[in-house]
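Novice: Pasting a structure below so you can have a look.
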Amino acid sequence: MSFLSEIKRRRTFGIISHPDAGKTTLTEKLLLFGGAIQEAGAVKSNKIKKGATSDFMEIERQRGISVATSVLAFEYSDKKINILDTPGHKDFAEDTFRTLTAVDSVIVVIDVAKGVEEQTEKLVEVCRMRNIPMIVFINKMDREGKDAFDLLDEVEQKLNLKVVPLSFPIGMGYDFKGIYNIWEKNINLFSGDNRKNIEETIEISDLQAPELNKIIGDRAANQLRENIELVDGIYPEFDKEAYLAGNLQPVFFGSALNNFGVRELLDCFVDIAPTPRAKQSEERLVQPEEDKFTGFVFKIHANMDPNHRDRLAFIKIVSGKFERNKPYLHVRNGKKLKFSSPNAFFAEKKEIVDVSYPGDIVGIHDTGNFKIGDTLTEGETINYKGIPSFSPEHFRYINNADPLKSKQLFKGIDQLMDEGVAQLFTLELNGRKVIGTVGALQYEVIQYRLEHEYGAKCTYENLNVYKACWVDPKNSKTDEYKEFIRVKQRFLAKDKQNQLVFLADSAFSLQMTQQTYPSIKFHYVSEFE
Ligand code: GDP
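Quick note: the sequence shown, position 231, residue 231 per full-length UniProt numbering, numbers continuous.
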C-alpha cells in the first residue's frame, strides 16, 4: 500500500467521559467489532477505586493497566483505528490533556440519566479550544434517563457545542425499542426477551410508510415521526466540513453494554472522522504527507519492573515514516538516536514494528533522554507546540528524609517530573523544592515510587498556595517589573523549564498583585503567546 493510502486509512482518536459514563464498555465493544478481542471483559477499566489513595497495590495495578490500555489499535472496514486511552479520574486530568494533543478526533460519552458531568465539561473545553472534531455518544438508553431533546439542549448549553443528531432513540428505559439511524435511514430494533439481541436492520426509506406502525406499533411510530420532524426543524443538516473544523458535533444514542447503537456510531465514525491532521510547530505547520519523519512525545511510562530503570516514551507520528534503526534527531538536546525495538500497540499485545505511519503511536525504550513534549525529526529543527502545563491544585514542600540518598532523591524527582506525574517548582528565595499536583493521590504515588524505584525517602510539608501563575513581564527592563521581583521574591519560583512562576497564596493576593503591576501578565498555563 502506498504511503498516502496508509495515511488516509488511519483514524486516531480518544474517548472522553466522566467516570462511569461507559468509556471502557464502549471501547470494548468497538474492539469486538474490529475482531481485536474475542470476548467482553477483555479491556480492563483503568479506573481508580475509591480509597485507593493508601492502597499501593492498587497504584501498581493501575500503572500496569495504564500501560496496557495506553493505545488500542484495530482494523475495521480497511481502516487502521488507534484509540488513545484518556483517564477519566480528575487526579489524572493532566495526563488526559496531554493525550488530547495526540488525537485527531474524540468521541464524548454521556450517561443519559446523569447528563453532562463535570469532567466532561473540562475535557470538552480543551477539545473545543483546539478545534478537535467531536462525536457525542449518549449511552445507557436501556435505562430511564433524560428526555432526548432536553439532553441535546443540555449538551449545547453546558458544553457550548452545536449538535446534530444522526440517530434517534425509539423509546427509552423499559420502553427502549431501538434506534432510528438518521445517517443511513434505517431502524435497528432491540428484540428477544432478554433484549440483548439485535434484530436485522430494517431499511426505512419513508418514515410515513404504514409498515413502520406494524413494526414498532402505532404509538411508537407516531412518536418517532413527530420526533424526527422536530429534529429536521430544529437542527442543521449534517455538514462534514463543519464537523471537521470543530464547529458541529454529530450525536448518536445507544447502549454500549448491550452493544446497541455502537455499530451505527462506528460506521459513521470511520466514514467522517479525520485522517491524521497537520500539526503546528513553533516554526511551521507540518503536513502528514511530508516525506520526512517528525513526531513528538506525549506520554512517558516508567517500567513496571523496578530493576529496569528504562521507560517507555510514546511518540505520535506527525509526518513521514518512522523506521526502526534509522537515526533521528532529538531536537531539544541535539542528539541523534536510533531505536532498535519500537513497539506498536494492539488490543491485546505490543509488537516490534519496522515502519509506522502518521497517526500511529510508537512506544520506544528510553533511558532518560525524553521529556513530555520533545520533538523527533530526521534533522530539521522544529519544536511541536501544545503540551502546556496547567496550574496545579495542590502544593507541598518535598523534603529529603534520608540524607545519604539525596542523589537518588533528585534523580527520582527529576525523572518522575519528566514523566509528567507532577510539577516541580524551585523557590527563588532559598532553593526549596515544591511539588504541585492536580490531585492529592499523586503525592502518595511519588513517595511510593521514589522509595521503590530509586531507593529514596521523602516527606512533605504543607504550603499554602492558591495558584501557580506563569509570569509574562512583556518587558523585563521596566522599573515595575524590577520592583515586582524584589517585593514578591518570597512567592517566586522557577519551573523545570526555568520559567518564572508566581505562587499566589490567595485569589485576593493574586488580584492585588495584578492591580499593582498592571504591565505584567499572569497565566494559569505555561505556554502563552
Ligand atoms: P467508564 O468509567 O466510563 O469507563 O465506565 P464503564 O464502561 O466502566 O461503565 C460504568 C458502569 O456502567 C459499568 O457498571 C457498566 O456495566 C455500566 N454501563 C456501561 N454502559 C451501559 C449501558 O449501556 N447500559 C447500562 N445499563 N449500563 C451500562
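Beta carbons: idealized from backbone N, C-alpha and C, even for Gly.
Looking at the strands, I want to know which residues DSSP matches up with K336.
Specialist: Beta-bridge pairing links K336 to L329.
Novice: Spell out the partners DSSP gives N258 in its beta bridges.
Specialist: Looking at the DSSP assignment, N258 forms no beta bridge with any residue, so it has no partner.
Novice: For a test of your reading of the model: does the CB of S167 fall under 7 Å from any non-hydrogen atom of ligand 1? Yes or no.
Specialist: Every heavy atom of ligand 1 is 7 Å or more from the Cβ of S167, so no.
Novice: Any heavy atom of ligand 1 inside 7 Å of the beta-carbon of G439?
Specialist: No - ligand 1 has no heavy atom lying nearer than 7 Å to the Cβ of G439.
Novice: So does T96 have its beta carbon nearer than 7 Å to some heavy atom of ligand 1?
Specialist: Every heavy atom of ligand 1 is 7 Å or more from the Cβ of T96, so no.
Novice: Does T53 come out as helix, strand or coil in the three-state DSSP assignment?
Specialist: Only weak support is given to the placement of T53: the predicted model assigns it a pLDDT of 45, under 50, and the question is left unresolved by the model.
Novice: Using only alpha-carbon positions, find the residue among N462, F314 and Q280 that is nearest to K385.
Specialist: That would be Q280, whose Cα lies nearest to the Cα of K385.
Novice: Helix, strand or coil for Y524 per DSSP?
Specialist: It is coil, neither helix nor strand.
Novice: Report back the beta-carbon spacing between F345 and A148 to the nearest angstrom; my notes put them in contact at under 8 Å.
Specialist: F345 to A148, Cβ: 36 Å. No contact.
Novice: Identify whether G192 lies in helix, strand or coil by the three-state DSSP scheme.
Specialist: Since pLDDT at G192 reaches only 45, below the 50 mark, its modelled position is unreliable, and the value read off the structure follows with that caveat. Coil.
Novice: When every heavy atom of ligand 1 is checked, does at least one fall within less than 7 Å of the C-beta of T120?
Specialist: Flag unset: Cβ of T120 not near ligand 1.
Novice: From the DSSP output, in three-state form, read off D218 for me.
Specialist: Three-state DSSP puts D218 in a helix.
Novice: How many Å lie between V362 and G455 at the Cα?
Specialist: Looking at the two C-alpha atoms, the distance is approximately 30 Å.
Novice: Rounded to whole angstroms, what is the Cα-Cα separation between L285 and A278?
Specialist: Their Cα atoms are separated by approximately 7 Å.
Novice: Given K50, which residues of its chain have a CB within under 7 Å of its CB, disregarding the five upstream and five downstream residues?
Specialist: Note on K50: pLDDT 49, under 50, position unreliable in the model; the coordinate value appears next. Closer than 7 Å at the Cβ level, and outside the excluded window around K50, lies no residue.
Novice: CB of T24 to nearest heavy atom of ligand 1: below 7 Å?
Specialist: Checking every heavy atom of ligand 1 against the Cβ of T24, one is found closer than 7 Å.
Novice: Assuming contact is defined by CB atoms lying nearer than 8 Å, are N247 and K162 in contact in what I supplied?
Specialist: Against a cut-off of 8 Å, the Cβ pair of K162 and N247 comes out as a contact.
Novice: Please go through the same chain and pick out, in chain order, the residues whose beta-carbon is closer than 6 Å to the beta-carbon of E282, but skip the five residues on each side of it.
Specialist: Here the set comprises N383 and K385.
Novice: With a threshold of 7 Å (Cβ to nearest heavy atom), would P87 be considered close to ligand 1?
Specialist: Checking every heavy atom of ligand 1 against the Cβ of P87, none is found closer than 7 Å.
Novice: Mind checking G192: buried by the 16 CB within 10 Å criterion, or exposed?
Specialist: In this predicted model, G192 has a pLDDT of only 45, less than 50, meaning its place in the structure is not dependable; the value taken from the coordinates is given anyway. Label assigned to G192: exposed.
Novice: Helix, strand or coil, according to DSSP, for G379 in the structure here?
Specialist: Three-state DSSP puts G379 in coil, outside helix and strand.
Novice: Pull up the distance between the alpha-carbon of Y243 and that of T275, whole angstroms please.
Specialist: Roughly 13 Å between the two C-alpha positions.
Novice: Consider the C-beta atom of R449 and the heavy atoms of ligand 1; say whether any pair is separated by less than 7 Å.
Specialist: False, no ligand heavy atom lies under 7 Å from that Cβ.
Novice: Along the chain, where does the alpha helix (DSSP H) containing K482 start, and where does it finish?
Specialist: Segment D479 to V487, the alpha helix (DSSP H) holding K482.
Novice: Based on Cα-Cα distance, which residue from K140, P87 and E94 lies nearest to V262?
Specialist: V262 has its Cα closest to that of K140, out of K140, P87 and E94.
Novice: With respect to 7 Å, is the separation between the Cβ of K385 and the closest non-hydrogen atom of ligand 1 below this value?
Specialist: Every heavy atom of ligand 1 is 7 Å or more from the Cβ of K385, so no.
Novice: Looking only at DSSP bridge pairs, what is H389 linked to?
Specialist: Looking at the sequence itself, residue 389 is Ser, so the reference to His does not match. According to DSSP, which records beta bridges pairwise, S389 is partnered with nothing at all.
Novice: Which parts of the region 420–505 are runs of the beta strand (DSSP E), unbroken and 3 residues or longer, counting only runs that do not cross its ends?
Specialist: 423–427, 433–437, 458–462, 467–472, 492–494 and 500–504, all fully within the region 420–505.
Novice: Would a C-beta distance cut-off of 8 Å place V164 and V251 closer than the cut-off?
Specialist: Result yes, Cβ atoms of V164 and V251 sit closer than 8 Å.
Novice: Suppose contacts are defined by Cβ-Cβ distances below 8 Å. Is S105 in contact with F13 by that definition?
Specialist: In this structure, F13 lies closer than 8 Å to S105 by Cβ.
Novice: For H18, collect the residues of the same chain with a Cβ closer than 7 Å to its Cβ; drop the 5 residues on either side in sequence, then sort them by chain order.
Specialist: Result list for H18: G88, E117, E118, Q119 and T120, in chain order.
Novice: Quick check on M1: buried or exposed, where buried means 16 or more other Cβ atoms within 10 Å of its Cβ?
Specialist: Per the 10 Å Cβ criterion, exposed.
Novice: Would you identify the three-state DSSP class for K140, choosing helix, strand or coil?
Specialist: If DSSP states are grouped into helix, strand and coil, K140 belongs with coil.
Novice: Determine the closest residue to I520 out of L32, D472, M512 and D479, with distance taken between C-alpha atoms.
Specialist: Selected option, being the one with the closest Cα: D472.
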